[in-house]
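> Numbering (this note's numbering), first residue to last: -5 to 293.
From the three backbone atoms N, C-alpha and C, an ideal C-beta is built for every residue, glycine too.
(1) Which value, in whole angstroms, describes the spacing of the CA atoms of residue 226 and residue 213?
(2) Between residue 189 and residue 197, which are expected to be in contact by the criterion C-beta below 8 Å, what is the C-beta distance as a whole number of angstroms?
(3) Quick one: Cα of residue 126 to Cα of residue 157, how far?
(4) Within the same chain, show all residues whose beta-carbon is closer than 8 Å to that of residue 236, passing over the 5 residues directly before and after it, in chain order.
(5) Looking at the secondary structure, which residues open and close the beta strand (DSSP E) in which residue 249 lies?
(6) Please confirm if the segment 30 to 42 is in contact with the segment 69 to 82, defined as three or more CB-CB distances below 8 Å between the two stretches.
(7) Which value, in whole angstroms, describes the spacing of the CA atoms of residue 293 and residue 94?
(8) Straight-line CA distance for residue 118 to residue 279?
(9) If the criterion is Cβ atoms closer than 8 Å, does the pair residue 175 and residue 88 meet it?
(10) Excluding sequence positions up to five away, which residues of its chain have a Cβ less than 7 Å from the Cβ of residue 0?
(11) Does DSSP classify residue 262 as helix, strand or coil?
(12) Taking the C-alpha atoms as reference points, what is the distance between residue 281 and residue 16?
(13) Using the Cα positions of residue 120 and residue 132, report the straight-line distance between them to the nearest angstrom.
(14) Report back the beta-carbon spacing between residue 243 and residue 258 to the nearest angstrom; my notes put them in contact at under 8 Å.
(15) DSSP three-state label for residue 19, please.
(16) Secondary structure at residue 222, three-state DSSP: helix, strand or coil?
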């Protein structure tokens, strides 16, 4: 790791410029790893900045493969950071949802494979251990060889295969097969229309029987602090606040985390990011992201 090797005292401006070029070239991948590990744009950016600071002072002449070195540093820091994040989220007020990122305008995450980006998957990854999550992300999202993953997370190759297999099975078992992106967008727009009008019948028809509505206000804005479960209850919940919630709201659609989301705004200011996750059974999750500090990347 970076803090175990002495700095290169002879590196001048030209050497630092080359170091910056190398870092900029791989930065999208580093951010992609960090974001998938942490579910937070802010925390991922801070972590990548930390990697850059370490890279500046590192003995770069001793590094044979800068891209592999930087990915290793990012992953190991992300494993440590995710352990701390898990402790913080235990005291988070209300439901914690991943921080959305605009994959339509921002190439950071869409540049490579879109795996492990959707909100439903990120929520499932929260249930994995940090090491399991790292192995899954590196393999599923970036197609790293098992041997390289083993070097990065410092376990055997056999152990990596077990970690990835266990994580993959858990994700597949706990999430129904998602609908196409076009169908997800159709269901979202139908939900917005029904929610806005308070159409109870249409809302229930859109939902899977075990639908869950999560609202992330972080204790900063008014939002339900507990998930609402079941088609009848979620439909009644959405209808109950329709008249006051949707007054003066403008809706536009954007690609966040590889799916369509509705950006809700009043007076030109985005105050919520709303999306749904769906399967053949209907809408299984309704996600209301309303914590102001967590929607800046798309607003």
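Looking at the coordinates:
(1) If you number the chain shown from 1, residue 226 lands on position 232. If you number the chain shown from 1, residue 213 lands on position 219. Near 26 Å, if we compare the C-alpha coordinates of residue 213 and residue 226.
(2) As a first step, residue 189 is located in the chain shown; it is residue number 195 there, counting from the start. As a first step, residue 197 is located in the chain shown; it is residue number 203 there, counting from the start. Going by Cβ atoms, the distance from residue 189 to residue 197 rounds to 7 Å, so yes, they are a contact pair.
(3) Taking the first residue of the chain shown as 1, we reach residue 126 at position 132. Taking the first residue of the chain shown as 1, we reach residue 157 at position 163. So the two alpha carbons sit approximately 5 Å from each other.
(4) Looking up residue 236 in the chain shown gives position 242. Only 189, 190, 191, 192 meet the Cβ criterion.
(5) Here residue 249 refers to the residue found at position 255 of the chain shown. From DSSP, the beta strand (DSSP E) with residue 249 extends over 244 to 250.
(6) yes
(7) Start at 1 with the first residue of the chain shown, and residue 293 comes out as number 299. Start at 1 with the first residue of the chain shown, and residue 94 comes out as number 100. Roughly 10 Å separates the two Cα atoms.
(8) Translated into the one-based positions of the chain shown, residue 118 becomes position 124. Translated into the one-based positions of the chain shown, residue 279 becomes position 285. Near 13 Å, if we compare the C-alpha coordinates of residue 279 and residue 118.
(9) On the chain shown, residue 175 is found 181 positions in, with the first residue counted as 1. On the chain shown, residue 88 is found 94 positions in, with the first residue counted as 1. Going by C-beta atoms, residue 175 is not nearer than 8 Å to residue 88.
(10) To locate residue 0, count along the chain shown from 1; it is residue 6. The predicted position of residue 0 is uncertain, since its pLDDT is 40 and thus under 50; no value can be drawn from it.
(11) By 1-based counting over the chain shown, the position of residue 262 is 268. DSSP places residue 262 in coil when its eight states are reduced to three.
(12) Translated into the one-based positions of the chain shown, residue 281 becomes position 287. Translated into the one-based positions of the chain shown, residue 16 becomes position 22. Each residue's Cα considered, the two are about 38 Å apart.
(13) If you number the chain shown from 1, residue 120 lands on position 126. If you number the chain shown from 1, residue 132 lands on position 138. Going by the C-alpha atoms only, they are around 16 Å apart.
(14) Here residue 243 refers to the residue found at position 249 of the chain shown. Here residue 258 refers to the residue found at position 264 of the chain shown. About 5 Å separates the two Cβ atoms, so the contact holds.
(15) Residue mapping note: residue 19 aligns to position 25 of the chain shown, counting from 1. The answer is helix: DSSP assigns residue 19 an H, G or I state.
(16) The residue given as residue 222 occupies position 228 in the chain shown. Three-state DSSP puts residue 222 in a strand.
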